[in-house]
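What follows is one structure encoded as structure tokens, with my remarks underneath.
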Amino acid sequence: VSGLARRASEAGRPLFVLWLDAHPDFHTLDTTASGNLHGVPLAYASGQAGFSGYFPDLPAAVDPKRICTMGLRSVDPAERSALNQAGVIVHDMRAIDEHGIAPLLRAFLARV
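When the letters of the sequence shown are read in order and numbered with our numbering, they come out as residues -1 to 110.
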């Protein structure tokens, strides 16, 4: 994702990310209770604080307001708060069950 973000930035084009996962992977090194790095990639790619000195600096980050997560079923309070504060669009499994995936995808694609 970081390579695509860099290229989009160089071209002056926005990059949108559709994150399909049961987990948002939006922890930072400061908020992860488990310490597992597999829970941080989306936070890192979107330029959230707390990675400097541990991960390489990104040449361009993905704007969190251009990220849409779908299929989430396991979000802890720290991640939910971070997602909301960053402006990430969240469609959990409940939203998919209630509305179906098609209208949620259409809404995302309309922004792209």
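Backbone N, C-alpha and C fix where the C-beta goes; we use that ideal spot for every residue, glycine too.
Are residue i and residue j closer than 8 Å when you measure CB to CB?
{"i": "LEU13", "j": "ALA3", "result": "yes"}
{"i": "HIS25", "j": "GLU77", "result": "yes"}
{"i": "HIS36", "j": "LEU70", "result": "no"}
{"i": "VAL38", "j": "LEU27", "result": "yes"}
{"i": "LEU107", "j": "MET68", "result": "no"}
{"i": "ILE65", "j": "SER79", "result": "no"}
{"i": "GLY85", "j": "LYS63", "result": "yes"}
{"i": "VAL60", "j": "VAL(-1)", "result": "yes"}
{"i": "HIS89", "j": "LEU81", "result": "no"}
{"i": "SER7", "j": "ALA47", "result": "no"}
Check the DSSP bridge columns for residue i and list the partner residues they point to.
{"i": "LEU16", "result": "CYS66"}
{"i": "VAL88", "result": "THR67"}
Here's the rule: buried if 16 or more other CB atoms are within 10 angstroms of the residue's CB, otherwise exposed. What is residue i?
{"i": "TYR42", "result": "buried"}
{"i": "GLN83", "result": "exposed"}
| said: Extract the residue ranges of the alpha helix (DSSP H) inside the segment 32 to 85, only unbroken runs of 4 or more that lie entirely within it. | reply: 39 to 43 and 75 to 84
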